[in-house]
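In the working numbering, the protein residues as written are 511 to 807.
Only one structure is covered here, and it is reproduced in the block below.
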Ligand code: NAD
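Next comes the structure, spelled out in structure tokens:
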């Protein structure tokens, strides 16, 4: 059996088109343009690429993009002052502080200073609490994208056995909460889990967010399972070049799974699309307008 390949790139493209349509509607019908502010502190090369890409896709969707680039020696007080200014700005509906921050800045303090209604990354403690208690929250973008793919490719998730491998605040924990909310029976595995292979064997849905290249073996997968690979790992090849791989041994797993996301081209493209979706959702909530279907959960 060869698995259906879940084309996250194509799905994200369709999602961005739907977002652009709704943005046009907000402008025409209500005179509102959703705006996303992205704050980058320092010069981490990977973060610079992410921020550039977020800004570009925000503009392509017809939204306003506000980039704030601060030097690596920015003080906590200066960063908090900028966040406070963005919180008060009615043109800004979403605020994202690119992580990781330089070591002298307290990440939790900074994230929790963002107005939770504008917290389009969904990392604010209020949003984590709302999600955990089944209330309307801003949902972290990567797990939101994974859930959209799962709903699209599996339909109703109710009663399915799901394992989430990884318990980070940005991927593993919110992913588990979302699956629970869709009535899956959820197991969260992590670095101290003893019988990972057996747990994966029993899962109808596997979400891997570990950060270890090709860690999950193909033969661990239950035949017909749906496999979502969040991992992004760069490995060296024999000829000195490098390539991106996920946490799942894709070549082996695709022979056993029912459906599987590739890396690249699976979960990755969904993350920024969901950031745009969250910005539109935040804008609609802020203006008490109906939320477009399919952009939030
Ligand atoms: P993290 O390092 O914060 O968490 C990794 C998790 O893996 C931890 O909870 C740890 O307990 C678990 N783990 C480590 N070793 C394990 C083992 N042997 N068995 C079981 N669990 C183990 O990482 P993160 O931020 O959650 O990211 C995970 C991966 O997802 C990384 O590769 C990251 O680059 C990728 N990622 C991708 C996107 C995207 O847009 N596609 C977004 C965020 C993260």
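Note that beta-carbon positions come from the ideal geometry of N, C-alpha and C, so glycine has one too.
DSSP-derived helix/strand/coil call for residue 704: coil
For residue 545 and residue 603, believed in contact at Cβ under 8 Å, the rounded distance: 5 Å
Three-state secondary structure (DSSP) of residue 579: strand
Per-residue DSSP class, three states only, for residue 592: helix
Beta-carbon proximity of residue 669 to residue 693, cut-off 8 Å: yes
Coarse secondary structure for residue 514, derived from DSSP in three states: strand
Rounded straight-line distance, which links the Cα of residue 749 to that of residue 648: 44 Å
Residue interval of the alpha helix (DSSP H) (run including residue 548): Note, residue 548: premise wrong, no alpha helix (DSSP H); beta strand (DSSP E) at 545-551.
Contact shell at 7 Å, judged by CB to any heavy atom of the ligand SAM, ordered along the chain: This structure does not include the ligand SAM; its bound ligands are the ligand NAD.
Option in 794, 715 and 560 with minimal Cα separation from residue 537: 794
DSSP-derived helix/strand/coil call for residue 696: strand
Residue of 763, 695 and 646 minimising C-alpha distance to residue 788: 646
Host beta strand (DSSP E) of residue 745 (start-end): 743-746
As assigned by DSSP and simplified to three states, the class of residue 657: helix
Supposed contact pair residue 700 and residue 677 - C-beta distance, whole angstroms, cut 8 Å: 4 Å
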